[in-house]
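First to last, the protein sequences are chains A and B. To convert a position in the first sequence, counted from 1, into my numbering, add 23. To convert a position in the second sequence, counted from 1, into my numbering, add 4. Using N, Cα and C, we set each Cβ at its ideal position, and we do this for glycine too. Since the structure comes first, as C-alpha cells, the remarks are kept for the end.
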Amino acid sequence: SAVISQKPSRDICQRGTSLTIQCQVDSQVTMMFWYRQQPGQSLTLIATANQGSEATYESGFVIDKFPISRPNLTFSTLTVSNMSPEDSSIYLCSVQPGGAYGYTFGSGTRLTVV
Amino acid sequence: RKEVEQDPGPFNVPEGATVAFNCTYSNSASQSFFWYRQDCRKEPKLLMSVYSSGNEDGRFTAQLNRASQYISLLIRDSKLSDSATYLCVVNTGRRALTFGSGTRLQVQP
C-alpha cells in the first residue's frame, strides 16, 4: 500500500491566520482526499483533489476557506484560512492507490486555534 | 438519518471475551465496505474489507447483509491490544469513503 508523509503533525495557531498542510505520497495516485475529524467525532470528507483540475468540495466546505492544491500525482496541500477556534480539529489526507480496498491515511495534523 | 450508523459504545469486555459490533448504511448503491481501527490520537488503519460471502482474518470475522444494509464485526478471544475505536466505513462509489461515528472498545484485564 502507499505511504503518505503528512506535515505538520500538529500546530497551534492564532485566530485569523492560515495554515497549509502538506501530503506527499510515495506513488502516483489519481485522487487524494482531505478529511476533518473534530474532537470526539468521526471523519468528515472536506474535498477530493484531482491533479490538473479544481478540487470537488463537499456540502458545508468552500474553496475560500479550504483552498487545495494538487500540482502533481504525488502531492497535495490543504490550507485552512482565516482560522477560528471552531477549526480546531485533526485534518487527514487519504489516497486509494489501487484496487477495491486499501485506502491509506496520512498520520494527521492536529490543529489548535487559539 | 446518518449515512452510516454505529453504536458508539463504549463496549467494556474482559480479556478473552467475544464481542460483536454492528453497523447499518442507508445508501443501497454502496459498493464496498470496510472496518477500520483507530487508536487514540492516531490515523485510521484498515482492519479488513467486508465481502458479501463473509470473511475471516484470524480472530476477526466480518459479515455483510446487503438486503438489510447491515455490516458486522466479530472479535473472538479479545486482547488488551484490541482496545480502540472501530469505524464502519462504506464506499458509495464516489471514490471517497463515508465513515460511521465509531464504536469504542475497551478490553479489561
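Chain B contact residues for residue i, given Cβ-Cβ distances below 8 Å
i	result
M55/A	By Cβ distance, chain B contributes nothing, its closest Cβ being about 10 Å from M55/A, past 8 Å.
Q119/A	R99
L68/A	A100, L101 and T102
Y80/A	Residues of chain B passing the Cβ test: none, with the nearest at roughly 12 Å.
Partner residues on chain B for residue i, Cβ-Cβ distance less than 9 Å
i	result
L115/A	E47 and P48
S130/A	K46 and E47
Beta-bridge pairing of residue i - partner residues as DSSP gives them
i	result
M54/A	N73/A
T28/B	E9/B and Y74/B
F98/A	Q47/A and N95/A
K46/B	According to DSSP, K46/B bridges with nothing at all.
Q35/B	None; Q35/B has no bridge partner.
V17/B	V111/B
Y80/A	A70/A
V23/B	I79/B
S53/B	F38/B
Beta strand (DSSP E) segment containing residue i, residue limits
i	result
C46/A	L42 to V48
N95/A	I91 to N95
A88/B	A88 to N95
Y126/A	Note, Y126/A: premise wrong, no beta strand (DSSP E); not H, not E.
S104/A	Per DSSP, S104/A belongs to no beta strand (DSSP E) and is neither H nor E.
K30/A	I27 to K30
Y114/A	S112 to V118
T132/A	T132 to V136
V111/B	T107 to Q112
R33/A	R33 to C36
T102/B	L101 to F103
D61/B	N59 to D61
Q64/A	Segment: none, Q64/A is in no beta strand (DSSP E) and carries neither H nor E.
L84/B	Looking at the DSSP string, L84/B is not in any beta strand (DSSP E), and its letter there is neither H nor E.
Residue i: contacting residues in chain B (beta-carbon distance under 7 Å)
i	result
S65/A	L91, F103, G104, S105 and G106
Whole-Å CB distance - residue i paired with residue j, under 8 Å assumed
i	j	result
L91/B	F15/B	Not really, about 14 Å apart at Cβ, beyond 8 Å.
F25/B	Q35/B	That belief does not hold up - the Cβ atoms of F25/B and Q35/B are roughly 21 Å apart, past 8 Å.
S30/B	R5/B	6 Å
I113/A	Q60/A	4 Å
F64/B	I79/B	6 Å
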